[in-house]
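Numbering (the numbering used here), first residue to last: 2 to 221.
Note that beta-carbon positions come from the ideal geometry of N, C-alpha and C, so glycine has one too.
Take a look at the structure below.
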Amino acid sequence: MSNWNVMLVDHDRLFSAALGTLISSGPFRICQHAANAHDAHAALEQGADPDLIVMALQEGSAEELASLKRLRATSGARIAVLADAMADRSLSLALKAGADAYLNKGMSSESLLRSLHLVMLGEVVYPTHVASLLIATANERPQQPRVAPTPSNELSKREVQILRCLLAGQSNKAIARNLHITESTVKMHFKNVMRKINAQNRTQAAVWAIQNGLSPLLSA
Numbered sequence: 002m003s004n005w006n007v008m009l010v011d012h013d014r015l016f017s018a019a020l021g022t023l024i025s026s027g028p029f030r031i032c033q034h035a036a037n038a039h040d041a042h043a044a045l046e047q048g049a050d051p052d053l054i055v056m057a058l059q060e061g062s063a064e065e066l067a068s069l070k071r072l073r074a075t076s077g078a079r080i081a082v083l084a085d086a087m088a089d090r091s092l093s094l095a096l097k098a099g100a101d102a103y104l105n106k107g108m109s110s111e112s113l114l115r116s117l118h119l120v121m122l123g124e125v126v127y128p129t130h131v132a133s134l135l136i137a138t139a140n141e142r143p144q145q146p147r148v149a150p151t152p153s154n155e156l157s158k159r160e161v162q163i164l165r166c167l168l169a170g171q172s173n174k175a176i177a178r179n180l181h182i183t184e185s186t187v188k189m190h191f192k193n194v195m196r197k198i199n200a201q202n203r204t205q206a207a208v209w210a211i212q213n214g215l216s217p218l219l220s221a
């Protein structure tokens, strides 16, 4: 089993210590503690190289989420956000900032470890209702004119289906089963989609899909 280095970002030392003890019981090793995103940035600049950053959101403020975006730009680590509640706005902003997971602090220890393990395997972990939340958030914003994609960037019908399955929270295996194709074909389509929409991960692809009017596809 792989072992991953983890940086914890949380001002609550007691919670951070308990979380560190919990995480260390799995395939994770706590390599760094930071009280806030600023300290996390400083640690990264000094050479810290975590595989995973677990950041506890305090209020889900715009400033706090901007710090998350800077972390995303600074480090190639996977990023998991821990929140006190599944707040619609902070969930949407966290996804747009590039978080690979949005998790509830109140979830069970087994669920947390399983979710973090999935994140490190390349999955994006978020509440199943994230698609509808993002749609609602998008609908609240004034509509902006969209620039039509150039022919070379147009998505195929299958690529659109792949994105819609992603919005439904399906794994590559589930998408393959849903669309009656192989898992390797799903991965190939994802690679093409990421290139066409200039997305770096599944989270950014999901946000792009919502912003461009796609809806979840539960069954083909």
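Quiz prompt | Residues near S17 by beta carbon distance below 8 Å, same chain, minus five either side | solution = L9, D11, H34 and A57
Exercise. Can you give me the Cβ contacts of L215 inside the same chain, cut-off strictly under 6 Å, excluding the 5 residues immediately before and after it?
Key: L164 and R165
Quiz item: Taking just the CA atoms, how far does W209 sit from K197?
Solution: 11 Å
Quiz item: Do A19 and L53 have their C-beta atoms within less than 7 Å of each other?
Solution: no
Quiz item: What are the uninterrupted segments assigned as beta strand (DSSP E) that are 3 or more residues long and contained completely in the region 8-64, given in chain order?
Solution: 29-35 and 53-57
Quiz item: Would the beta-carbon of H190 fall within 7 Å of that of E160?
Solution: yes
Quiz prompt | Distance, M195 Cα to N173 Cα | solution = 14 Å
Self-check item: DSSP-derived helix/strand/coil call for L218
Solution: coil
Exercise. Taking N105 as the reference, give the member of H118, A81, G123 and M121 with the closest Cα.
Key: A81
Quiz item: Mind checking whether the beta-carbon of H39 lies closer than 6 Å to any heavy atom of the ligand SAM?
Solution: Of the ligands one can find in the structure shown there are none, so the ligand SAM has no counterpart to examine.
Quiz item: From G170, D85, A49 and V7, pick the residue whose C-alpha is nearest to that of R203; which is it?
Solution: G170
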